[in-house]
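Numbering-wise (full-length UniProt numbering), the sequence shown opens with residue 1 and increments by one.
All C-beta atoms in this analysis are idealised placements derived from N, C-alpha and C, irrespective of residue type, glycine included.
Keep in mind that this is a model prediction, so the values were computed, not measured.
Notes follow the structure.
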Amino acid sequence: MSVTTVITICSTCRPEGALEDAERPGAALGRAVARALAACGPEVEVQARAIACLSACSRACSVAVASPGKFSYVVGNLLAEDADAVVAFAIAHAKSADGVPPWRERPEKVRKNTLSRVPPADAAHALVTAIER
1 MSVTTVITIC
11 STCRPEGALE
21 DAERPGAALG
31 RAVARALAAC
41 GPEVEVQARA
51 IACLSACSRA
61 CSVAVASPGK
71 FSYVVGNLLA
81 EDADAVVAFA
91 IAHAKSADGV
101 PPWRERPEKV
111 RKNTLSRVPP
121 ADAAHALVTA
131 IER
């Protein structure tokens with residue numbers, strides 16, 4: 001059985017200027033991602049969950065895409081209408097051995113709004129080098 005990629009969606013995200021008492025756009029993004037995943041069918045090994053805050057407030061709405069032993073990503077500036085791009089990226093992440101899908105194969109919304117790519121703490125990779133003391 002392969003390891004599942006997880007999309008973690010900031011449920012409290014709201015872009016600057018959003019009304020305080022309106023529904024949080026992050027919650028709407030979460031529902032849209034869940035619908036997009038459901039449309040993919042059970043063979044897609046991607047799950048979604050929510051978190052109260054990803055601490056990327058200046059680039060709301062944000063998601064993290066992660067899987068054990070693979071690079072993780074945080075992507076911001078997302079809306080509910082970007083759910084298909086988020087899911088497409090998560091599927092590419094799941095299919096990638098190291099969690100680094102080819103740049104050109106990532107949805108444009110993800111390419112232009114990736115806030116960080118974090119290497120797995122316990123794995124060697126060509127992108128990661130030691131710092132001499």
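At the level of alpha carbons, what is the spacing between residue 92 and residue 5?
10 Å
Contact belief for residue 56 with residue 26 at Cβ below 8 Å, rounded distance in angstroms
Actually they do not touch by this definition, with Cβ atoms about 10 Å apart.
Quick one: grab the DSSP three-state call for residue 24.
coil
Can you give me the start and stop residues for the alpha helix (DSSP H) that residue 133 sits inside?
Counting along the chain, residue 133 falls outside any alpha helix (DSSP H), and DSSP gives it neither H nor E.
Where the beta strand (DSSP E) through residue 100 begins and ends
In the DSSP assignment, residue 100 falls outside any beta strand (DSSP E), carrying neither H nor E.
For residue 139, which three-state DSSP category applies?
Residue 139 falls outside the range modelled here, since the chain spans only 1 to 133, and no answer is possible.
Considering only the beta carbon of each residue, do residue 63 and residue 46 sit closer than 8 Å?
Residue 46 sits away from residue 63, with the two beta carbons spaced by 8 Å or more.
Sequence-distant residues of the same chain with beta carbon closer than 6 Å to residue 90, five excluded per side
5, 7, 46 and 65
Spatial neighbours of residue 77 within its chain, please: C-beta separation below 6 Å, excluding the five flanking residues on both sides.
Contacts found: 59 and 113.
Can you tell me which residues form a DSSP beta bridge with residue 74?
Partner residues in the beta bridge of residue 74, as assigned by DSSP, are 64 and 116.
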